[in-house]
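Letter by letter, the sequence shown follows residues 0 to 244 of numbering that gives the first Met the number 0. Where a beta carbon is used, it is the ideal one built from N, C-alpha and C, also for glycine. For clarity, every value in this text was computed on a predicted model and none was experimentally measured.
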Amino acid sequence: MQVANILGIPFRTRGFEETVAYLTDRIEAGQRTHVVTANPEVVMAAQGNLRFKAVLDQAYVVPDGIGIVYAARWLNHPLRERVTGVELMTALMEQADARGWRVYLLGAAAEVVEKTAAVLSARYPQAQLVGWRHGYFDQTEEKAIVEDIASKRPDLLFVALGAPRQDEWINTHWDKMNVPLAMGVGGSFDVLAGVVKRAPLIWQKLHLEWLYRLLKQPSRWRRQLAIPMFVAAVLREKWTQRVQS
Ligand code: UDP
């Protein structure tokens with residue numbers, strides 16, 4: 000198993016298509032996988048948070064964002080390409096359509112998850128949308144939510160509660176849900192429902208998607224402080240590698 004270790008987080012090195020093929024085989028074989036799409040914010044959230052770090056250690060972590068791919072290059076653990084949450088979710092939905100998989104959506108605002116379910120049903124008619132629920136619930140409702148998911152027996156569970164909460168949530172309830180593939184997808188339902196637009200292609204190509212998000216949602220600036228901190232931590236790590244070699 001190929002792993003690129005970035006600031007202690009084990010990223011899988013498969014490219015996009017290989018990742019989709021690998022996960023598809025696991026789902027078909029009934030093997031369980033918790034997929035985490037990790038960007039620099041997620042990596043920084045795991046520094047000093049042992050509970051979250053343990054969640055990432057048992058998950059299948061993919062590089063969500065060009066920052067991770069560059070960091071891997073600097074640290075001499077090359078990753079082929081990025082595997083973003085919304086793209087991986089879309090590719091898995093294509094497989095669900097081809098194979099008649101069952102799909103459950105948890106998270107985002109009520110009207111957003113409803114719209115996402117409608118969009119996915121129209122786009123992937125052979126995939127079975129077996130359940131969806133918004134993500135604004137408290138702890139007293141969790142047992143019923145987990146039971147609902149378990150009773151619907153989905154093949155794919157997409158959880159959009161934002162990182163790191165979504166991945167801690169999957170990890171906490173993992174054993175009771177019996178789902179082959181569970182994945183935290185952040186703001187992907189908002190994108191699929193058309194509430195939030197992804198950056199235009201040219202911004203994506205120039206690797207400036209993070210800047211576009213910041214300009215559209217300036218309230219994210221505090222969270223995006225993780226990006227320069229990530230760069231500084233990677234440079235420190237590179238420096239340490241140099242001194243040691
Ligand atoms: N969300 C939710 N419940 C909450 C808080 C957030 O369902 O208590 C949803 C929110 O509506 C959004 C997603 O979680 O759809 C998080 O989106 P964000 O863009 O913040 O996630 P990121 O991709 O940055 O982790």
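| Would you report the Cα separation of residue 113 and residue 53, rounded to the nearest angstrom? | Using only the alpha carbons, I get a separation of about 32 Å.
| Does the beta-carbon distance from residue 134 to residue 151 come in below 8 Å? | No, they are not a contact pair.
| CB-CB under 7 Å to residue 29, same chain, minus the five flanking residues each way: which ones, in chain order? | Within the same chain, Cβ atoms closer than 7 Å to the Cβ of residue 29 are found at 179, the five residues on either side in sequence being excluded.
| In whole angstroms, what is the alpha-carbon distance linking residue 172 and residue 145? | Rounded to whole angstroms, residue 172 and residue 145 show a C-alpha spacing of 7 Å.
| Is the segment 56-71 close to the segment 90-98, with three or more CB pairs under 8 Å? | Judged by pairs of C-beta atoms under 8 Å, the segment 56-71 does not touch the segment 90-98, as fewer than three such pairs exist.
| request: Rank 26, 81, 33 by C-alpha distance to the C-alpha of residue 13 and give the top, closest one. | output: The residue with the shortest Cα to Cα distance from residue 13 is 81.
| request: Measure from the alpha carbon of residue 226 to the alpha carbon of each residue in 84, 38, 86, then state which is nearest. | output: Selection 84, 38, 86 evaluated against residue 226 yields 38 as nearest (Cα-Cα).
| Reference residue 55; option with closest CA among 168, 186, 123, 223 | Here the closest residue by C-alpha is 168.
| task | For residue 7, count neighbouring C-beta atoms within 10 Å of its own C-beta (all shown protein chains included) and say buried if the count is 16 or more, exposed if not. | result | Burial call: exposed.
| task | Name the two residues that bound the continuous beta strand (DSSP E) containing residue 159. | result | Element bounds for residue 159: 155-159.
| said: For ligand 1, I want to know if residue 188 counts as a neighbour, meaning its beta carbon is within less than 7 Å of at least one of the ligand's heavy atoms. | reply: At least one heavy atom of ligand 1 sits closer than 7 Å to the Cβ of residue 188.
| message | By alpha-carbon positions, which one of 19, 31, 16, 193 ends up nearest to residue 153? | response | Nearest option by C-alpha distance: 31.
| task | Spatial neighbours of residue 220 within its chain, please: CB distance less than 7 Å, with the 5 preceding and 5 following residues excluded, ordered by chain position. | result | The residues are 213.
| In whole angstroms, what is the alpha-carbon distance linking residue 87 and residue 139? | Those two C-alpha atoms are separated by around 31 Å.
| Just how far apart, CA to CA, sit residue 161 and residue 184? | Cα to Cα, residue 161 sits roughly 7 Å from residue 184.
| Between residue 134 and ligand 3, is the CB less than 7 Å from at least one heavy atom? | Ligand 3 is absent from the structure shown, which contains only ligand 1.
| What is the rounded straight-line gap between the Cα of residue 228 and the Cα of residue 43? | The alpha-carbon atoms of residue 228 and residue 43 are separated by roughly 8 Å.
| query | Buried or exposed: which applies to residue 163, given that a residue is buried once 16 or more other Cβ atoms fall within 10 Å of its Cβ? | reply | Buried.
| request: Assuming residue 19 contacts residue 10 (C-beta within less than 8 Å), just tell me the rounded distance between them. | output: Between residue 19 and residue 10 the beta-carbon gap is near 16 Å, outside 8 Å, which marks them as no contact.
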